[in-house]
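Enquirer: To start, I am sharing the structure in question, which I have written as structure tokens.
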Amino acid sequence: MPKLKTRKAAAKRFRATGSGKIVRRKAFKNHLLQHKSSARKRRLSQMEVVDERDEQNVRFMLPYL
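Under the UniProt record's numbering, residue 65 is the last one in the sequence shown; the count climbs by one each step, no gaps.
Structure, rendered in structure tokens:
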């Protein structure tokens, strides 16, 4: 069998936890931050587990994750 290629765009956005779940960054934390509250920005800084409906697609993009 040939080696499977990794989708590099996905590799930069997702990583696996120790238990095998896939995590991602949250959106809305790049710019226009001055009107967002500190609590909201702190919440957006945390990693989020990828939704179960999207997890299979992410795993196809990252065969060696």
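Every residue gets a Cβ at the ideal spot worked out from N, C-alpha and C, and that includes glycine. This one's a predicted model, so the numbers in the text were calculated from it and none came from an experiment.
1) Which two residues bound the contiguous beta strand (DSSP E) that contains Arg15?
2) Where does Phe60 land, buried or exposed, given buried means 16+ other C-beta within 10 angstroms?
3) Taking a contact to mean a Cβ-Cβ separation below 8 Å, would you say Leu44 touches Thr6 in this structure?
4) Would Lys41 and Leu33 be called neighbours here (beta carbons separated by less than 8 Å)?
5) From Glu48 to Lys26, what does the alpha carbon distance come to, in whole angstroms?
6) Alpha carbon to alpha carbon, what distance is there between Arg24 and Lys36?
7) Can you tell me whether Phe14 is buried or exposed? The criterion is at least 16 other CB atoms within 10 Å of its CB, across all chains shown.
Expert: In short:
1) For Arg15, the enclosing beta strand (DSSP E) stretches over residues 14 to 16.
2) Per the 10 Å Cβ criterion, exposed.
3) Their beta carbons are not under 8 Å apart, which means Leu44 does not touch Thr6 by this criterion.
4) In this structure, Lys41 places its C-beta atom within 8 Å of the C-beta atom of Leu33.
5) Distance between the alpha carbons of Glu48 and Lys26 is about 7 Å.
6) C-alpha separation (whole angstroms): 21 Å.
7) Buried is the label assigned to Phe14, since at least 16 other Cβ atoms lie within 10 Å of its Cβ.
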